[in-house]
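K.L.:
Chains as they are written, first to last, in the numbering used here: chain P, 38 to 516; chain U, 77 to 442.
#1: Quick one: give me the first and last residue of the beta strand (DSSP E) that residue 168 of chain P is part of.
#2: Under 8 Å between C-beta atoms, does residue 303 of chain U make it to chain P?
#3: Quick one: what does DSSP say residue 273 of chain P is sitting in, helix, strand or coil?
#4: Between the segment 275 to 283 of chain P and the segment 472 to 483 of chain P, do three or more beta carbon pairs fall short of 8 Å?
#5: Please list the segments of the alpha helix (DSSP H) lying wholly inside the segment 182 to 254 of chain P, counting only runs of 4 or more residues, in order along the chain.
#6: Run the CB neighbour count on residue 144 of chain P, radius 10 Å, all protein chains shown included, and call it buried at 16 or more, exposed below.
#7: Given a cut-off of 8 Å, decide if residue 54 of chain P and residue 448 of chain P are closer than it, judged by their beta-carbon atoms.
#8: Could you confirm whether any beta carbon from chain U is found closer than 8 Å to the beta carbon of residue 361 of chain P?
#9: As a quick exercise: from U/393, U/128, U/255, pick the residue whose alpha carbon is nearest that of residue 345 of chain U.
#10: Return no unless some Cβ of chain U is closer than 8 Å to the Cβ of residue 386 of chain P.
#11: Determine the extent of the beta strand (DSSP E) in which residue 292 of chain P is found, giving its start and end residues.
#12: Pick helix, strand or coil for residue 376 of chain P, following the three-state DSSP scheme.
#13: With a cut-off of 8 Å, does the C-beta of residue 296 of chain U fall near any C-beta of chain P?
#14: Just checking: is the beta-carbon of residue 311 of chain U within a distance shorter than 8 Å of some beta-carbon in chain P?
#15: My assumption, with CB atoms under 8 Å, is that residue 289 of chain U sits in contact with residue 368 of chain U. Please give the rounded CB distance.
#16: How long is the line joining the alpha carbons of residue 409 of chain U and residue 378 of chain U, rounded to whole angstroms?
#17: Between residue 106 of chain U and residue 387 of chain U, what straight-line distance do the alpha-carbon atoms span, to the nearest angstrom?
#18: If the cut-off is 7 Å on Cβ atoms, which residues from the segment 274 to 286 of chain U count as contacting chain P, listed in chain order?
#19: Quick one: residues in its chain with C-beta nearer than 7 Å to the C-beta of residue 384 of chain U, no 5 flanking neighbours on either side, listed in chain order?
#20: List the residues of chain U that residue 376 of chain P touches, going by C-beta distances under 7 Å, in chain order.
#21: Going along chain A in order, which residues have a C-beta closer than 7 Å to the C-beta of residue 179 of chain P?
#22: Given 7 Å as the limit, tell me if residue 246 of chain P has its C-beta closer than that to any heavy atom belonging to the ligand GDP.
#23: Out of P/138, P/369, P/190, P/155, point me to the one whose CA is closest to residue 303 of chain U's CA.
#24: What residue ranges within the segment 370 to 450 of chain P form continuous beta strand (DSSP E) runs of no fewer than 3 residues, ordered along the chain?
#25: Taking 8 Å as the threshold, find out whether the segment 323 to 341 of chain U comes into contact with the segment 143 to 159 of chain U through three or more Cβ pairs.
#26: Please determine if the segment 118 to 138 of chain P and the segment 157 to 171 of chain P are in contact, where contact requires at least 3 C-beta pairs separated by less than 8 Å.
#27: Among residues of its own chain, excluding the 5 on either side of residue 430 of chain P, which ones have a beta-carbon nearer than 7 Å to its beta-carbon?
#28: Restricting to runs no shorter than 4 residues, where is the alpha helix (DSSP H) found entirely within the segment 151 to 206 of chain U?
#29: Would you mind reading off the limits of the beta strand (DSSP E) that contains residue 104 of chain P?
#30: Using only alpha-carbon positions, find the residue among P/230, P/249, P/433 that is nearest to residue 58 of chain P.
#31: Looking at chain U, is there any beta carbon in it that lies within less than 8 Å of the beta carbon of residue 200 of chain P?
#32: So, helix, strand or coil for residue 327 of chain P, using DSSP?
#33: Could you name the residues of the same chain whose beta carbon sits closer than 6 Å to that of residue 130 of chain U, not counting the 5 residues immediately before and after it, in chain order?
#34: On the three-pair Cβ rule with 8 Å, is the segment 65 to 83 of chain P touching the segment 453 to 468 of chain P?
#35: Below 9 Å on C-beta distance, what does residue 299 of chain U contact in chain P?
#36: With 16 other CB atoms within 10 Å as the buried threshold, where does residue 77 of chain P fall?
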């Protein structure tokens, strides 16, 4: 594949998860070595063997997960590895003023003396950008930079990106979000399965065109659904208080209810208590106060196991850590919740014919692409792994589904499929609590939108009144 | 499919086999360095292990504890637990079983033997559950706790065996327990040798443990926890209870090995019964790649080395300690990837924590 990036341009690299965007950029940044082909920088053929080589050339990269040390200050983090020392003593004052100057020039608005731990995610990202600039980056690679930002923070990031290219730098912007591409990119390269399928501009190609190029077939961009017909109260959360791992209050007196046949979406920037809320509802994290009611019965003290058996289902936010056991087979994973109950086990002995039969049925119903039910889950694509998780949860016919980041890291085709499944289960009377950091997902799926900010539900809005702007402001705490 | 099958053959059969060969090569270098002829030495080792009078029977006698202990460690591995305490569980199991076996009198062997065995397994299980409980409740790493509990068990054993009025036999010159009741003894199955029924029992334990791991819900739970505690928890599996249960099962197997050794070979306990069997067992389990069927040849190899080493020393004046070098190199070769994997996991665990903390730091806190 070929890719040409020019100075003074924002070059968007658009593609689904697994299309090879990050792999390509890791090659450019020296984290991976190419098997064949060459890289030229500023007209010179270069060999980039390590990130150090890349930095020396003037290539900087901001990863999806920040590489910052929380207890250290901004300045300390930025000079780390490139300390200017005066007889063995770090010249932090000099570094600070340099950081301050860079920050002013590009409108980054970062105070070099603040501790990383005290900064918002958006600011931490700006620190990452500063770090790259401090090391002399002229080509900046941003890997999915908007995933953790509020809509307003995204606007701020875009302004910074424009200021950078205005000074003659270049930015490679990796993303799978179509809307952003239209907003920020000068040139767009679309990747699919490791190949460049098109190089175009926002003027030439509409979002629908780009989606088609990305997936390889026409895509339904909006979720089609009928108006909800909410029934009885299925799940209720009353005055729930939950602590995070550091024993700080993460969920603060939250009240929430989900009725049968409706999808309640929780919108919020990641890390505002969503995970703690979900874990407390599932019994994976102790509650500090309040009640959780399933169809009117208090389940706050029940084990996770008994909650699952009483009709609660969970699509966990982190597939690899909580959703599947990669080393076990597809069939084993499909019965992970019910492995010891009939017909999958009699006494203590597992009944493999029943397990296989059930697995084959779910594989068919949920269109999980596998060769056979005995292959390990690790050999499946992300989309198929996630479909497996969805199949396991919906296969037990739950009354309430907690869907946390149900389509994270999943290809567009699987996203469509999972959304359709959730909506059709809703129509059959399932109560769904949807938690997603993708605002578009919440807005297109939910019947009611609850906005979470710093552990509080700051507003519950009817989906028809919930527009991006308003929800975005609420997500940022501007109530 | 064919490629996958070949891959499995390579990892489960070829790697251990090559490791064994390499181990012997390294051992040969050591023997040369010690100024002897490796061929002569290995010839004597082989004779001592297989061809001499009763040598094969003696090898099987030594194989017996390795079977039980190897299965014990392998079972732990499958749940992601590194049970270094098999040696201690072997001791405590032996103590409990021996106590029962010399205290009861007048029952027929069909009752006394099982009673002794059950007491031994219960002792091992309880002892191992301490480490399991500490891990489940407080997150104490089992590698640390089982090592510590080993020391405790050695001291408990020597205290009990050396103290009058406790387990010390009356009128003996060296401290030991009284002999077990004749009805509790595991009968010899090969006339003129020491090979006893315990060997058959240990052999039977192999398919039993395999069935437990691969075919029962307990085994499934254990494997799920071993692979991914997060996914197991989210699926409603109690990780803590599974850890305690696994340690108890592992300890029961170690205790079984211990009491079988007493009822089949020694008939009483001194304070040095185990003689390092429990530590060799870690090597057996590694060589077996934690597969119960793999424990069979691995235990046999270690039984043969153990048994042949003595004869080799007698015959060639080469210290039997050289065999430890062979054993150690075999393990280094077979376990290098596994051991590296373990260290990696130990180190990755905190790394993951850092990752989580990072995410929390991201979380604005009121």
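Built from N, CA and C at the ideal position, the CB exists for glycine as well.
P.N.:
On the basis of the supplied data:
#1: From DSSP, residue 168 of chain P is part of no beta strand (DSSP E) but of the alpha helix (DSSP H) over 158 to 171.
#2: yes
#3: strand
#4: no
#5: 188 to 203, 215 to 221, 244 to 252
#6: exposed
#7: In this structure, residue 54 of chain P lies closer than 8 Å to residue 448 of chain P by Cβ.
#8: Yes, residue 361 of chain P lies at the interface with chain U (some Cβ there is under 8 Å from its Cβ).
#9: U/255
#10: It does; some Cβ of chain U falls within 8 Å.
#11: 286 to 296
#12: DSSP places residue 376 of chain P outside both helix and strand once states are collapsed to three, so it counts as coil.
#13: yes
#14: yes
#15: Their Cβ separation, rounded to whole angstroms, is 7 Å, which keeps residue 289 of chain U and residue 368 of chain U in contact under 8 Å.
#16: 15 Å
#17: 18 Å
#18: none
#19: 121, 122, 124, 125
#20: 293, 296
#21: Protein chains P and U are contained in the structure displayed, whereas chain A is not.
#22: Although the ligand GDP was asked about, the structure shown includes no ligands whatsoever.
#23: P/369
#24: The qualifying runs are 437 to 441.
#25: yes
#26: yes
#27: 350, 351, 352, 438
#28: 162 to 179
#29: Unbroken run through residue 104 of chain P: none, as it is neither H nor E.
#30: P/230
#31: no
#32: Collapsing the DSSP output to three states places residue 327 of chain P in a strand.
#33: 269
#34: no
#35: 362, 364, 365, 369
#36: exposed
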